[in-house]
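Residue numbering for the sequence shown is -7 to 395, as defined by the numbering used here. Glycine included, each C-beta is placed from N, C-alpha and C at the ideal position. Notes to accompany the following structure.
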Amino acid sequence: MQVIFLHSLTFKIFTVLLIFILPSYCFIINDSKIINDTWRYENKENTNKIGSYRKKLRHNVSVNKDIKENEHIMSSYENEKYIKKLLEDYEKYKITTYSSEYTFFFPGQGEQYMSMGLDTYNNYKECKELYNDASKILGYNLMDMIKNGPIEKLKNSEVAQPSIYTVSMASLEKLKIENNDAYMKLNLCMGYSLGEYAALTCANSLSFEDGVYLTKERGKAMQYCSTLYNMTTVAIVGLTLDNIKKLIEDVNYKMNDDIFIVSYMTNKKFGLCGKPESMDYLNILAKEKYKAIFTKKLEIAGAFHSFYMFPAKETLKNVLNQITFKKLSVPVISNVDGNAYDDPVIIKDLLILQLTSPIKINTCLQNVLKHGYKSGYELGPGTINTNLLRDISKNTKRAIPYI
-7 MQVIFLHSLT FKIFTVLLIF ILPSYCFIIN DSKIINDTWR YENKENTNKI
43 GSYRKKLRHN VSVNKDIKEN EHIMSSYENE KYIKKLLEDY EKYKITTYSS
93 EYTFFFPGQG EQYMSMGLDT YNNYKECKEL YNDASKILGY NLMDMIKNGP
143 IEKLKNSEVA QPSIYTVSMA SLEKLKIENN DAYMKLNLCM GYSLGEYAAL
193 TCANSLSFED GVYLTKERGK AMQYCSTLYN MTTVAIVGLT LDNIKKLIED
243 VNYKMNDDIF IVSYMTNKKF GLCGKPESMD YLNILAKEKY KAIFTKKLEI
293 AGAFHSFYMF PAKETLKNVL NQITFKKLSV PVISNVDGNA YDDPVIIKDL
343 LILQLTSPIK INTCLQNVLK HGYKSGYELG PGTINTNLLR DISKNTKRAI
393 PYI
């Protein structure tokens, strides 16, 4: 009798565990794995203090080590969840009242070309001094590289990023010389990815010398990531976000991949990255099944603004910790969430997050329009920002290309 009772009790306990406790436990373990495999927050007791958003990250990867044995790749879903959590902490630091009447825009990587900025170098002493100063920091003759290439070297992130940054700053210097009144009207700055560094210098927060050094080290770290992960980035035009997500699902299922959205340029223009063979299939499917207007492989050296840039974060963080940012003279719009900020401490964190976060150019430009944009300049090589601005609002006055 006692044996039967014990067997019955054991069965009931087992049933309760199976029905109620085990599923909850599995959910907790799974959710914890998503978070704890990639980052662990420290100093949780400080979450209500002003520095709460500066959570310490313990990365499983390092730019200076062989990471093959201990790397952990975060899925696009996990990456989105991670970024969303951080942005909740940043929300209270954004500026909601500002004017964009006269906005200066700065281009990003991929806009470089041979002999860019040559006019500023040849005809303006102050601009030539900027190129010479940059050359000393970089350890090679920058204008010689821009003039003579080869172009493949100019496409390398370690060279491309400080080159574009310097040309953008020379263009700004030229504007100050030729039309200082236009410069003095400046209300707001915005850059496309790398262009955010030029925007911060324009806003008198980041010195030119530190900007050259930062963009060199950023480019070097990102180039390193590109050698670790062979990825392709493709721009797709003519599909809504819903169709982009369906396209990604189709490709992921067929190719066993995890495609990232890396840039939201307009409501119907996106940048996606994944393995080369997956992106080849995506190109075909986007046109044949989803009727995309246009697709193009982008001339950048890796899966920028995805989790594949994660190894570069610690390097960039260490470099940023060596640099002092001043209070911004005008707000700068962050690519991470499209909001304007002027706090130099949070700017550093946003620059770090930008490496692995998809850039929300669409939101950035919508906010430029929302806050009274009338005119401005795109300073440096290319017109990526102003072209997208016109795509979003056809009647908007085009910013003046200036190089």
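Alpha-carbon to alpha-carbon, residue j and residue i
{"i": "Gly43", "j": "Pro142", "result": "Because the pLDDT of Gly43 is 28, which lies under 50, any placement of that residue in the model is unreliable, and the number read from its coordinates should be weighed accordingly. Roughly 45 Å between the two C-alpha positions."}
{"i": "Asn377", "j": "Asn387", "result": "15 Å"}
{"i": "Asp249", "j": "Thr355", "result": "28 Å"}
{"i": "Ile351", "j": "Met182", "result": "12 Å"}
{"i": "Ser67", "j": "Ile253", "result": "12 Å"}
{"i": "Lys147", "j": "Asn379", "result": "22 Å"}
{"i": "Ile384", "j": "Ser155", "result": "29 Å"}
{"i": "Asn133", "j": "Lys145", "result": "13 Å"}
{"i": "Met223", "j": "Ser149", "result": "15 Å"}
{"i": "Tyr85", "j": "Tyr369", "result": "27 Å"}
{"i": "Asn140", "j": "Gly230", "result": "37 Å"}
{"i": "Tyr394", "j": "Leu167", "result": "8 Å"}
{"i": "Asn124", "j": "Leu320", "result": "26 Å"}
{"i": "Lys389", "j": "Leu220", "result": "42 Å"}
{"i": "Phe96", "j": "Ile251", "result": "33 Å"}
Assumed close pair residue i, residue j - CB separation to whole angstroms, cut-off 8 Å
{"i": "Glu188", "j": "Asn327", "result": "6 Å"}
{"i": "Lys246", "j": "Tyr273", "result": "6 Å"}
{"i": "Ser298", "j": "Ile75", "result": "With a Cβ gap of about 11 Å, Ser298 and Ile75 do not count as contacting."}
{"i": "Tyr353", "j": "Tyr256", "result": "Residue identity differs from the one stated: residue 353 is Ile in this sequence, not Tyr. Yes, Ile353 and Tyr256 are in contact; Cβ-Cβ is about 6 Å, under 8 Å."}
Top-ranked residue by Cα proximity to residue i, from the options
{"i": "Ala454", "options": "Ala174, Thr193, Met106, Asn275", "result": "Any question about residue 454 goes unanswered here, given that the chain covers just -7 to 395."}
{"i": "Val322", "options": "Lys145, Leu239, Pro373, Ala191", "result": "Ala191"}
{"i": "Met108", "options": "Ser160, Lys145, Glu150", "result": "Ser160"}
{"i": "Leu290", "options": "Leu320, Gln101, Ser385", "result": "Gln101"}
{"i": "Leu110", "options": "Tyr94, Ile138, Thr89, Phe96", "result": "Ile138"}
{"i": "Leu345", "options": "Leu320, Gln314, Ile315, Lys309", "result": "Lys309"}
{"i": "Tyr205", "options": "Gly374, Leu357, Asn313", "result": "Asn313"}
{"i": "Glu103", "options": "Ser92, Tyr123, Ala126, Ser185", "result": "Ser185"}
{"i": "Ala174", "options": "Phe299, Tyr94, Leu233", "result": "Tyr94"}
{"i": "Ala332", "options": "Ser127, Ala195, Asp125, Glu118", "result": "Ala195"}
{"i": "Phe302", "options": "Cys217, Ile240, Pro373", "result": "Cys217"}
{"i": "Leu381", "options": "Glu80, Phe98, Glu70", "result": "Phe98"}
{"i": "Lys117", "options": "Ser127, Lys261, Glu165, Tyr105", "result": "Glu165"}
{"i": "Gly374", "options": "Leu130, Leu357, Ile392", "result": "Ile392"}
{"i": "Asn235", "options": "Leu343, Leu361, Ala213, Ala284", "result": "Ala284"}
{"i": "Tyr105", "options": "Arg210, Leu122, Val151, Glu209", "result": "Val151"}
Where residue i sits in the DSSP three-state scheme
{"i": "Ala293", "result": "coil"}
{"i": "Met257", "result": "strand"}
{"i": "Ser149", "result": "helix"}
{"i": "Asn62", "result": "Low confidence applies to Asn62: its pLDDT is 33, below 50, so where it sits in the model is not reliable, and the reading given next is rough at best. Note: Asn62 maps to coil in three-state DSSP."}
{"i": "Ala126", "result": "helix"}
{"i": "Met182", "result": "strand"}
{"i": "Arg390", "result": "coil"}
{"i": "Val328", "result": "coil"}
{"i": "Val226", "result": "strand"}
{"i": "Ser367", "result": "strand"}
{"i": "Ile236", "result": "helix"}
Residue i CB to nearest heavy atom of the ligand FAD below 7 Å
{"i": "Ala284", "result": "This structure lacks the ligand FAD, and indeed carries no ligand of any kind."}
*Would you call the region 262 to 275 and the region 285 to 303 touching, i.e. three or more CB-CB distances under 8 Å?*
yes
*Counting Cβ pairs, one atom from each stretch, are 3 or more of them under 8 Å apart for the region 79 to 94 and the region 277 to 288?*
no
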